[in-house]
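A.B. asks: Can you keep this structure in mind? I'll have questions shortly.
Residue numbers (full-length UniProt numbering): 1 to 183.
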């Protein structure tokens, strides 16, 4: 019989969201994370493992299983405290990338997600940032500019397409027209 979600415990995202002591900042990382390990973390984040019930232990288990393919034993496993510290840093400092990842319909890593994760955009997702920070105006301006560019190109393309169609018709008419002989 399947377990209820309460038996698995809260997800990692729930634990970090429930923290009230945010003023102290993320804990320092004790371990140096290689690019391969960070890519593996990103892949697990894209799959949504951090949102599943079972919490940190489930995420750490999946991470260690992915990193230790072909090895036996637990001597190369990443400690639970290190995984927790890294996840806290990622989920606090890379909110824009996590939001992008969670909005994607597929659960595999894409180039866009990897690039968003590699950049460090200081986006906290607040309404103040959207209204006061000028982000809303910048996005509206970019949208207007794209619409204006799209309209101009569309007319030019229609004109060019119509002219090409007329030339093709002229050639076909010349080929299919009956030959007349002068008497």
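By construction, the Cβ of each residue, glycine as well, lies at the ideal position given by its N, Cα and C atoms.
Between the region 53 to 73 and the region 94 to 105, do at least 3 Cβ pairs fall closer than 8 Å?
C.D. replies: These segments do not touch.
A.B. asks: So for residue 77, helix, strand or coil by DSSP?
C.D. replies: Residue state, collapsed to three classes: coil.
A.B. asks: By how many angstroms is the C-alpha of residue 38 removed from the C-alpha of residue 100?
C.D. replies: The alpha-carbon atoms of residue 100 and residue 38 are separated by roughly 17 Å.
A.B. asks: Hey, residue 63 and residue 83: beta-carbon distance below 8 Å or not?
C.D. replies: Closer than 8 Å, so yes.
A.B. asks: Quick one: is residue 104 buried, meaning 16 or more other Cβ sit within 10 Å of its Cβ, or exposed?
C.D. replies: Exposed: under 16 other Cβ atoms inside 10 Å.
A.B. asks: Output yes or no for whether 8 Å exceeds the beta carbon distance between residue 85 and residue 30.
C.D. replies: It is a contact, given that the beta carbons lie within the stated cut-off.
A.B. asks: Less than 8 Å between the beta carbons of residue 109 and residue 43, yes or no?
C.D. replies: Their beta carbons are under 8 Å apart, which means residue 109 touches residue 43 by this criterion.
A.B. asks: Assign residue 97 to one of three DSSP states: helix, strand, or coil.
C.D. replies: Residue 97: helix per DSSP, three-state reduction.
A.B. asks: How far does the alpha helix (DSSP H) with residue 61 in it extend, from its first residue to its last?
C.D. replies: Note, residue 61: alpha helix (DSSP H), 55 to 67.
A.B. asks: Taking DSSP as the reference, what is the three-state secondary structure of residue 50?
C.D. replies: Residue state, collapsed to three classes: helix.
A.B. asks: Drop a sphere of 10 angstroms on the beta-carbon of residue 36, count the other beta-carbons inside from all chains shown, and report buried for 16 or more, exposed for fewer.
C.D. replies: Exposed, since its Cβ has fewer than 16 Cβ neighbours within 10 Å.
A.B. asks: With DSSP collapsed to three states, give me the class of residue 105.
C.D. replies: Correct three-state label for residue 105: coil.
A.B. asks: Cutting at 7 Å between CB atoms, please list the residues of its own chain near residue 40, excluding the five before and the five after it.
C.D. replies: Contacts found: 63, 66, 67.
A.B. asks: From the DSSP output, in three-state form, read off residue 70 for me.
C.D. replies: Looking at residue 70 - three-state DSSP - the assignment turns out to be coil, as it is neither helix nor strand.
A.B. asks: So, for residue 114: in the same chain, excluding its five sequence neighbours on each side, which residues have a beta-carbon less than 7 Å away from its beta-carbon?
C.D. replies: Same-chain partners within the cutoff: 42.
A.B. asks: From the DSSP output, in three-state form, read off residue 40 for me.
C.D. replies: Reduced to three states, the DSSP call for residue 40 is helix.
A.B. asks: Hey, out of 45, 147, 140, whose CA is closest to residue 91's CA?
C.D. replies: Nearest of 45, 147, 140 to residue 91, Cα basis: 45.
A.B. asks: Secondary structure at residue 141, three-state DSSP: helix, strand or coil?
C.D. replies: It is helical.
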